[in-house]
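Below: one structure, written as structure tokens.
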Amino acid sequence: MDVAALIQTNGFLWSPLAFASLIGVATAMIWLAFRPSPPVQMVQNRLDSYVGRPDVVEAIDLGKPFVQRAVVPLFWRLLRLLGRFAPKGNLETTERMLLQAGNPGGLTALDFFGLQLFLVLLMGGGYFFLLGHSLPFAMALRNSLMMSVAGYVGTRLWLRRRVRQRKHEVIRAFPDALDMMTISVEAGLAFESAMFKVNEKWDNALTREFRRAVTEMRVGTPRDVAFERMAERLGVQEVSTFVTVLIQSNQLGMSIAQVLHTQAEQMRIKRRQRAEELARQAGGKMVFPLVFCFIPALFVVALGPGAPDLVNFVIMLGSRRMAP
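Residue numbers (the numbering used here): 110 to 433.
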């Protein structure tokens, strides 16, 4: 078969118009593949405007206060530099505690270690050079070491207190949040929408973690991974159990509404049991103030007016026994 017969047989496929169309489609596809997306293009244009106009960046930087421009960055650099000299054995533990405390002040583990060493140097050195000059050297050195230990331990106690407060806030808010989510899901809302409904109703550590988990899911993070990260950030046993049950029910195809209803009922039972436990502990906790505070004051009020007569009676009785 010659070329003319082949062209007549295939018709439009081998025509110049078809060839030009294929070239055009290929060119358009290549242009779409390498064309930047609108958000990237928007950011690129903004960066180009800043690069092309350095006075804009300078005006923005100079518009900030001097402390925010110079002192704060220098302070954070100093903390990170000091944090490099801290022992790295408890780095993972400190990172987990900061995570469960809600990352106060945006501190990292190195920042926290740097803050500890900074307070050690500040409190110990400040006491030695400012207040210890009027004391003997040994006493000034001892007091400075005590102040340094107080600065080191105080930061750790502050972090543990933040963790306990946050966990207590989550434990108190969790049963009510589950009830709200159960009602929302049974009313027809999706699970993520129910979590946002709880966030609209209250503002606490739990609802903020709900909002963060939903945001992670909306940007592409799998639901199981987002829930596991949320449980790790909170560090509460009840939330970890709820996340485990939720992941298993999602894998098995169970009803979310039924799972929420069961978990909410269990959380209400645990809250009642916790209240009963605290009520039973109240008697033991009242022993110390009663024995060392209330009863001595009661004795002073009841026996105080008769104390002089009682002392005189004891003295008189003793003098009679000593008489011949």
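Cβ coordinates follow ideal geometry from the N, Cα and C atoms, glycine included.
- For Asn252, the enclosing alpha helix (DSSP H) covers residues 246 to 295.
- In the DSSP assignment, Asn359 falls within the unbroken alpha helix (DSSP H) covering 346 to 361.
- The beta carbons of Thr316 and Ala373 sit about 16 Å from each other, so the pair does not count as a contact at 8 Å.
- Excluding its 5 nearest sequence neighbours in each direction, Val272 has C-beta neighbours in its own chain below 7 Å: Met206, Gln209, Ala210, listed in chain order.
- By the neighbour-count definition (other C-beta atoms within 10 Å, threshold 16), Arg389 is an exposed residue.
- Under the Cβ criterion (8 Å, minimum of three pairs), the region 226 to 234 counts as touching the region 251 to 261.
- The beta carbons of Leu343 and Val279 sit about 6 Å from each other, so the pair counts as a contact at 8 Å.
- Lys276 sits buried, since 16 or more C-beta atoms from the chains shown fall within 10 Å of its C-beta.
- Straight-line spacing of the CA atoms in Gly393 and Arg332 works out to 45 Å.
- Going by DSSP, Leu343 is part of the alpha helix (DSSP H) stretching over 332 to 343.
- DSSP, reduced to helix, strand and coil, places Asp418 within a helical segment of the structure shown.
- The shortest C-alpha to C-alpha distance from Ala286 to any of Arg377, Phe403, Thr330, Thr350 is the one to Arg377.
- Judged by beta-carbon spacing, Tyr236 lies beyond the 9 Å limit of Ala247, meaning their Cβ atoms are not closer than that value.
- A contact between stretches requires three or more CB pairs, one per stretch, nearer than 8 Å, and the region 214 to 222 fails this requirement with the region 345 to 363.
- Rounded to the nearest whole angstrom, the CA to CA distance from Ala314 to Arg381 is 22 Å.
- Leu254 has its alpha-carbon roughly 12 Å from the corresponding atom of Gly241.
- The three-state reading of DSSP puts Met376 in helix, counting H, G and I together.
- It is roughly 23 Å from the alpha-carbon of Leu412 to the alpha-carbon of Met395.
- Under the DSSP assignment, Val328 falls outside any alpha helix (DSSP H); it carries neither an H nor an E label.
- Bounds of the alpha helix (DSSP H) holding Gly235 are 218 to 239.
- Here Ala340 is not near Val323, since their CB atoms are 9 Å or more apart.
- In the displayed model, Ala210 falls within coil according to three-state DSSP, outside both helix and strand.
- The shortest CA-to-CA distance from Asn359 to any of Phe300, Cys402, Ala282, Glu385 is the one to Phe300.
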